[in-house]
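Q: Here the sequence shown is numbered in full-length UniProt numbering, starting from 1 and rising by one per residue. Built from N, CA and C at the ideal position, the CB exists for glycine as well. In this text, all values refer to a predicted model and were calculated from it rather than measured experimentally. Have a look at this one before I ask anything.
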Amino acid sequence: MKLYVASAGTGKTHALVQELLARLREGVPLRRMAAITFTRKAAEELRERILEAVAALGDGEAKREAHGAVFTTIHGFMAEALRHTAPLLSLDPDFAVLDEFLAEGIFLEEVRSLLYLKGLPSDWEELLQKLYQKRSLAEAFSPAGEENRFLVTLYGEALSGYRKRLLEALGPGDLEALALRLVENPLALSRLVGRFPHLFVDEYQDVNPVQARFFQALEEAGARVVAVGDPKQSIYLFRNARVEVFRQALSRAERCELRESYRHAKAVAAFLNRFLDLFPKEERASLEPRRAEEGRVEVHWVVGEGSLEAKRAFEAHLLAERLKALHGEGVGFGEMAVLVRSRASLPFLERAFRAQGMPYVLRRGQSFFTRPEVRDLYHALRLSLLDGPPTPEERLSLLAFLRGPFMGLDLGEVEEALEEEDPLPRLPEEARVRLDWLKGLANRRPLEALRTLAQEEGFLKRLPPRARANLDALLLLAARERFPDLEALLEWLKVRAQDPEAGELPEGGEGVQLLTVHAAKGLEWPVVAVFDLARGEPPDQEPLLVGEGGEVALRGTPGYLPLAKALRQAQREEARRLLYVALSRARDVLLLTGSLSGRPGPWAEALLALGLGPDGEDPLVHRHPVGPTLQAPSRKAVESLKPAPYANWRLEPSLLPRVSSPSALRKEEPKLLAEALEGEAMPEYARALGTLVHYAIARNLDPRDRAAMEALLLQEVVFPFAEGEREALLAEVKGLLSRYHALLGGALPALADRAEDHPELPLVLPLEGTVWYGVLDRLYRVGDKWFLDDYKTDQKMRPEEYRFQLALYAEAVRRALGVEAEARLVYLRHGEVHAFSQEDLRKALRRPPGVSPGGEGGNA
Numbered sequence: 001m002k003l004y005v006a007s008a009g010t011g012k013t014h015a016l017v018q019e020l021l022a023r024l025r026e027g028v029p030l031r032r033m034a035a036i037t038f039t040r041k042a043a044e045e046l047r048e049r050i051l052e053a054v055a056a057l058g059d060g061e062a063k064r065e066a067h068g069a070v071f072t073t074i075h076g077f078m079a080e081a082l083r084h085t086a087p088l089l090s091l092d093p094d095f096a097v098l099d100e101f102l103a104e105g106i107f108l109e110e111v112r113s114l115l116y117l118k119g120l121p122s123d124w125e126e127l128l129q130k131l132y133q134k135r136s137l138a139e140a141f142s143p144a145g146e147e148n149r150f151l152v153t154l155y156g157e158a159l160s161g162y163r164k165r166l167l168e169a170l171g172p173g174d175l176e177a178l179a180l181r182l183v184e185n186p187l188a189l190s191r192l193v194g195r196f197p198h199l200f201v202d203e204y205q206d207v208n209p210v211q212a213r214f215f216q217a218l219e220e221a222g223a224r225v226v227a228v229g230d231p232k233q234s235i236y237l238f239r240n241a242r243v244e245v246f247r248q249a250l251s252r253a254e255r256c257e258l259r260e261s262y263r264h265a266k267a268v269a270a271f272l273n274r275f276l277d278l279f280p281k282e283e284r285a286s287l288e289p290r291r292a293e294e295g296r297v298e299v300h301w302v303v304g305e306g307s308l309e310a311k312r313a314f315e316a317h318l319l320a321e322r323l324k325a326l327h328g329e330g331v332g333f334g335e336m337a338v339l340v341r342s343r344a345s346l347p348f349l350e351r352a353f354r355a356q357g358m359p360y361v362l363r364r365g366q367s368f369f370t371r372p373e374v375r376d377l378y379h380a381l382r383l384s385l386l387d388g389p390p391t392p393e394e395r396l397s398l399l400a401f402l403r404g405p406f407m408g409l410d411l412g413e414v415e416e417a418l419e420e421e422d423p424l425p426r427l428p429e430e431a432r433v434r435l436d437w438l439k440g441l442a443n444r445r446p447l448e449a450l451r452t453l454a455q456e457e458g459f460l461k462r463l464p465p466r467a468r469a470n471l472d473a474l475l476l477l478a479a480r481e482r483f484p485d486l487e488a489l490l491e492w493l494k495v496r497a498q499d500p501e502a503g504e505l506p507e508g509g510e511g512v513q514l515l516t517v518h519a520a521k522g523l524e525w526p527v528v529a530v531f532d533l534a535r536g537e538p539p540d541q542e543p544l545l546v547g548e549g550g551e552v553a554l555r556g557t558p559g560y561l562p563l564a565k566a567l568r569q570a571q572r573e574e575a576r577r578l579l580y581v582a583l584s585r586a587r588d589v590l591l592l593t594g595s596l597s598g599r600p601g602p603w604a605e606a607l608l609a610l611g612l613g614p615d616g617e618d619p620l621v622h623r624h625p626v627g628p629t630l631q632a633p634s635r636k637a638v639e640s641l642k643p644a645p646y647a648n649w650r651l652e653p654s655l656l657p658r659v660s661s662p663s664a665l666r667k668e669e670p671k672l673l674a675e676a677l678e679g680e681a682m683p684e685y686a687r688a689l690g691t692l693v694h695y696a697i698a699r700n701l702d703p704r705d706r707a708a709m710e711a712l713l714l715q716e717v718v719f720p721f722a723e724g725e726r727e728a729l730l731a732e733v734k735g736l737l738s739r740y741h742a743l744l745g746g747a748l749p750a751l752a753d754r755a756e757d758h759p760e761l762p763l764v765l766p767l768e769g770t771v772w773y774g775v776l777d778r779l780y781r782v783g784d785k786w787f788l789d790d791y792k793t794d795q796k797m798r799p800e801e802y803r804f805q806l807a808l809y810a811e812a813v814r815r816a817l818g819v820e821a822e823a824r825l826v827y828l829r830h831g832e833v834h835a836f837s838q839e840d841l842r843k844a845l846r847r848p849p850g851v852s853p854g855g856e857g858g859n860a
């Protein structure tokens, strides 16, 4: 193995690309190589880099092979390896690869079945889940003492049942386990190395022990492995990555170092080199900055009397002032980032930034799957499977459903019912009807059931826009999975909610970026601040531990203490690596802030060890006595904005056809506009009314459906109106819809009689040098006859004003479908329908409104 030790900013990926190109120059075909990295995004970026390099080489054969070459993640490569050798392993090569959380959810289903059959309490579920999550630490588990043997045996039974469930699908842990089986089969191993004799592995410091065993076996079988990584950036202990894996590889590998940094200014690079004293000697690779900029580093400590909470608030205020000063020097807020170890530090920053009137963006907030709107869907889906009196867990889901956005009931309305052994018969009738509706979802496909709930009108109307955006994202994520049943979907939602890295949708906008260090991995900014150095370690609450050799020990057993001691040591070491990752994100300016505490956290301890603590005499250190902080103003001041540089540009006349709409042409004439608005309180009201009515008719909404009508008020056109105006608007919409429904089956054909029915059809019609565009309200066929209806909410009936518009619509239908549709105006206020003759429509096309005889049509 050839292993590059690369400090931050020294071009790890560039080194990997150069190694691959060197093999190409030696005559190794690209199809005999595999480039492997940690995430799908990184794999695609690596692919693009190599494609560009191959194109520059001018190697025709390599260029032809490039798009079919293997650039993938570790699990992606394992799947490729298993498919290539599947017959030798008695494996179906057409297996599916499951999302890790969906696979874990299916495992938990098997666990619950096993516990039920054995009569064991549900407390064992969490323990077995923890073992499943630690599969990547060892090829097999062994009990650390007889006290832990039953747990390991029970886990083996659960895993066996889980594997029987997934005969044609594999999760990430299953891929790793089978990859080890592969390398133990000499023929399969030989075939794989013959197919991929050259492997290039990025971010090797993030591999887990099982993955490392797989790569080592390939190397021992003759594969040439080139890897790059930085042990100082190994920060995924919670995902089973172990820095010892890198150290072991380094002890047997050909060592290379990358030192040149084109990221860091001189002062920042010097500070990072100083920080290397905290790491083992063999892991140190000092930086040699290649940028001419000097840069700066500042360490700020808040000292004095008071609580740590008060000091943190002042620390955030101090940092906001410092960033504001940098902004005054010409650094944009969007070029700054503040990194924290824990999300618990973010509220201090948000309050300080609001008080200073500074823009900021949360790059990653609360875990996406723990958002209230997502949990509401989870609880509703659980109730769809309710059969008989609810269990204690189902009672929690029932309470969440009744009090949440789906029902919105007060606790007093259901308190007595919930005290009963079977609360369902005692619930209000409305609640029982909704529960019956939920049970009907159990017969649908999982994604269809989720989509129905997420798009339910009554549920949506109680959610803010941000929550609705989260639901859209949830549907997109769920659509990527293949859920065999509703139970699998529920387990997926449950397990994803426990993922510490499952972030909410990032906020949009410009401003200082606020994010955790894990979320900042791989990113960089001109200015980086590291906030809340005093933050301590989270309490250790692990119910069981797994050692690096696969030893399993429950809390309270003798074997637990040695494993706990090793884990605490690993966490302390990783905390320093996490700080190094944070520091190395800065290009030009690095700010560190902390508060004096009697129990300093690991970051503060690291600075104390370097002589940069609150009592340090180093010129980088600044001390600030704690003082009062600013309060956020009630309203943000609006900064004056300079005109955009293109504000006074003029567009030259285009040779392209003019574009217009019939409604825009009509509104060009002031007299017609004034008459059309006669009797309306204001133009915005008329626009909102028309939009809501057309929306409701297109979706066949019933004015008697209270939830559907109230959901109309979620439309954006309603937002500018006050509460009273909204009520009046909704009442008028209901009245117009009622008149429309009264016309159905009489002046208008009933919906059931229509053989084809197309609401809101967009049109584009080139005609006489102008491209006309618009939307047909309704086009439908009854028998052999076509109808084209346009709905109007006008106070007065003036059909002649719309004759040209309907003529354009009818002409568009004739050209597109080859049919003559009867064009009609449906006046909703008057309950009347006006039909135009074909002759009237032809005349209107020959002479549009506002055009003198012999002249050209107007351009709106």
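1) Report buried or exposed for MET358, applying the criterion of at least 16 other Cβ atoms within 10 angstroms of its Cβ.
2) As a quick exercise: from ASP94, ARG555 and GLU305, pick the residue whose alpha carbon is nearest that of PRO543.
3) I'd like the span of the beta strand (DSSP E) that includes LYS521, first residue to last.
4) From the DSSP output, read off the bridge partner residues of MET33.
5) Which residues bound the beta strand (DSSP E) around MET358?
6) Do the CB positions of LEU779 and LEU808 come within less than 7 Å of each other?
7) List the residues that DSSP assigns as beta-bridge partners of PRO766.
8) Could you tell me if HIS300 is buried or exposed, where buried requires 16 or more neighbouring beta carbons within 10 angstroms of its beta carbon?
9) Kindly identify the DSSP beta-bridge partner or partners of GLY229.
10) By the 10 Å Cβ neighbour count, where 16 or more other Cβ atoms means buried, how is residue 886 classified, buried or exposed?
11) How far does the beta strand (DSSP E) with GLU282 in it extend, from its first residue to its last?
12) If I measure Cβ to Cβ from ALA708 and keep anything under 7 Å in the same chain, skipping five residues before and after, which residues do I get?
13) Tell me the start and end of each unbroken beta strand (DSSP E) in the segment 359 to 447 that is at least 3 residues and wholly inside, in chain order.
14) Would GLY337 and PHE200 qualify as a contact pair, given that the criterion is a beta-carbon distance under 7 Å?
15) Along the alpha helix (DSSP H) that carries TRP649, what are the first and last residues, could you check?
16) Mapping the DSSP letters down to three states, classify LEU474 as helix, strand or coil.
17) Measuring CA to CA, which of GLU65, VAL97 and GLU335 is closest to VAL589?
18) Sort PHE531, ARG247, ALA138 and GLU168 by Cα distance to PHE214 and report the nearest one.
19) Compare the Cα-Cα distances from ARG191 to each of GLU257, THR629, ALA81 and LEU608 and report the closest residue.
20) Extract the residue ranges of the alpha helix (DSSP H) inside the segment 691 to 774, only unbroken runs of 4 or more that lie entirely within it.
21) Have a look at residue 949 and ASP790 and give me their C-alpha separation to the nearest angstrom.
22) Starting from LEU237, follow the alpha helix (DSSP H) in both directions and report where the run begins and ends.
23) Note the first and the last residue of the continuous beta strand (DSSP E) segment covering PHE107.
24) I need the DSSP call for GLU839, collapsed to helix, strand or coil.
25) Cβ of GLU260 within 7 Å of Cβ of GLU288?
26) Considering Cα atoms alone, identify which of ARG49, SER136, GLY9 and ARG252 is closest to MET1.
27) I'd like to know whether the C-beta atoms of ASP376 and GLY404 end up nearer to each other than 7 Å.
28) Using the C-alpha atoms, what's the distance from PRO121 back to GLU157?
29) By the 10 Å Cβ neighbour count, where 16 or more other Cβ atoms means buried, how is LEU151 classified, buried or exposed?
30) Please classify PRO186: does DSSP put it in a helix, a strand, or coil?
31) Whole angstroms is fine: what's the gap from LEU117's alpha carbon to ASP92's?
32) ALA140 to ARG247, Cα distance in whole Å?
33) Take LEU128 and list the residues in its own chain whose beta-carbon comes closer than 7 Å to its own, dropping the five residues that flank it on each side.
34) Indicate whether ARG296 and ALA320 have their beta-carbon atoms separated by less than 7 Å.
35) Considering only DSSP beta bridges, list what HIS300 is partnered with.
A: Taking the definition as stated:
1) Buried: at least 16 other Cβ atoms inside 10 Å.
2) Comparing Cα-Cα distances from PRO543 to each of ASP94, ARG555 and GLU305, the minimum goes to ARG555.
3) Counting along the chain, LYS521 sits inside no beta strand (DSSP E), nor does DSSP assign it H or E at all.
4) Beta bridge pairing from DSSP links MET33 with HIS198.
5) Looking at the DSSP string, MET358 is not in any beta strand (DSSP E), and its letter there is neither H nor E.
6) LEU779 is not a Cβ neighbour of LEU808, given a cutoff of 7 Å.
7) The partner list for PRO766 (beta bridge, DSSP) reads VAL771.
8) Counting Cβ neighbours within 10 Å, HIS300 comes out buried, since at least 16 surround it.
9) Its beta-bridge partners are VAL5.
10) A question about residue 886 goes unanswered here, because the residues of the chain that appear run from 1 up to 860.
11) From DSSP, GLU282 is part of no beta strand (DSSP E); its letter is neither H nor E.
12) Excluding residues within five positions, the ones whose Cβ falls inside 7 Å are GLU457, LEU701 and ASP702.
13) Taking only runs of at least 3 residues, the beta strand (DSSP E) segments lying wholly in the segment 359 to 447 are 360 to 362.
14) The question names Gly, but residue 337 is Ala in the sequence shown. Not closer than 7 Å, so no.
15) Premise fails: TRP649 is in no alpha helix (DSSP H) and is neither H nor E.
16) When DSSP states are grouped into helix, strand and coil, LEU474 belongs to the helix group.
17) Nearest C-alpha to VAL589: GLU335.
18) Minimum Cα distance to PHE214 is reached at ALA138.
19) In this structure, ALA81 is the residue among GLU257, THR629, ALA81 and LEU608 with its C-alpha nearest to the C-alpha of ARG191.
20) For the segment 691 to 774, whole alpha helix (DSSP H) runs of length 4 or above, ordered along the chain, are 706 to 711 and 723 to 743.
21) No answer is possible for residue 949: the residues shown for the chain start at 1 and end at 860.
22) That residue, LEU237, is in no alpha helix (DSSP H); it is neither H nor E in DSSP.
23) Taken as a continuous stretch (DSSP letters only), PHE107 belongs to no beta strand (DSSP E), being part of the alpha helix (DSSP H) at 100 to 118.
24) Residue state for GLU839 is assigned as helix, using DSSP reduced to three classes.
25) Contact: yes.
26) For the residues ARG49, SER136, GLY9 and ARG252, the minimum Cα distance to MET1 belongs to ARG252.
27) Taking 7 Å as the Cβ cut-off, ASP376 and GLY404 qualify as a contacting pair.
28) CA-to-CA, the gap between GLU157 and PRO121 works out to about 16 Å.
29) Classification for LEU151: buried.
30) Secondary structure at PRO186: helix, using DSSP grouped into helix, strand and coil.
31) Whole-angstrom Cα-Cα distance: 31 Å.
32) Distance between the alpha carbons of ALA140 and ARG247: 22 Å.
33) In its chain, beyond the 5 residues on either side, VAL111, LEU154, TYR155 and ALA158 have a beta carbon closer than 7 Å to the beta carbon of LEU128.
34) No.
35) The bridge partners DSSP lists for HIS300 are THR593 and HIS622.
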